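Residue numbers (full-length UniProt numbering): 1 to 182.
Built from N, CA and C at the ideal position, the CB exists for glycine as well.
Model, not experiment: these values are computed from the prediction.
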């Protein structure tokens, strides 16, 4: 059971590191978008690669921070029943949800996304816009990054659920325990 606690800490640590690092892309997105607007309306010019850049930064940020958001329970859901439920009920719901929905979703994203990403790398794909950004294959790789980080967080959720359902909730890292409804 101690192994599951260490596994949870390792996965949460990775998703926290990636999530916090990529969250800084939001600042880059705002700055690049601001400059594109200034160029367009003040100088009546624009660089297509800069327009690509803020869209690509946005895509990279949102796919990279998805596991972090799942860890923090920041995803949108209707929790009319979940929020007031006991920890054991939440653990059972998370276990079923991760096994029946989340892990199969991850498997589908990887199985369909991997050939798509590999083809992009083979062609060294770049923007479809003339004068756009090179290296679209790097951005497309975030599809796999997204799936791996979400999949790892699903493993952490399953581990937390197993610990709680087996009566070892004390082995769950304190920052990953269920929060009581307000």
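8 Å Cβ shell around residue i - same chain, five flanking residues per side excluded
i, result
"residue 175", "12"
"residue 39", "45, 46, 47, 50"
"residue 127", "48, 49, 52, 133, 134, 136"
"residue 114", "144"
"residue 131", "47, 48, 49"
"residue 75", "69"
The alpha helix (DSSP H) enclosing residue i, as first and last residue numbers
i, result
"residue 157", "136–165"
"residue 28", "25–42"
Cut-off 6 Å between Cβ atoms - residues of its own chain near residue i, not counting five sequence neighbours on either side
i, result
"residue 103", "154"
"residue 67", "15, 149, 150, 153"
"residue 110", "147"
"residue 5", "171"
"residue 21", "none"
CB of residue i within 7 Å of CB of residue j, strictly
i, j, result
"residue 64", "residue 117", "no"
"residue 32", "residue 50", "yes"
"residue 56", "residue 139", "yes"
"residue 15", "residue 149", "yes"
"residue 157", "residue 94", "yes"
"residue 54", "residue 80", "no"
"residue 72", "residue 173", "no"
Cβ neighbours of residue i in the same chain (closer than 7 Å, five flanking residues each side left out)
i, result
"residue 106", "147, 150, 151, 154"
"residue 121", "137"
"residue 82", "90, 93"
Sufficient close CB pairs (3 or more, under 8 Å) joining the region 158–171 to the region 82–96: As far as the Cβ criterion goes, the region 158–171 touches the region 82–96, which means the pair count is three or higher.
Every unbroken alpha helix (DSSP H) inside the region 50–127 [4 residues or more]: 66–71, 87–97, 103–123
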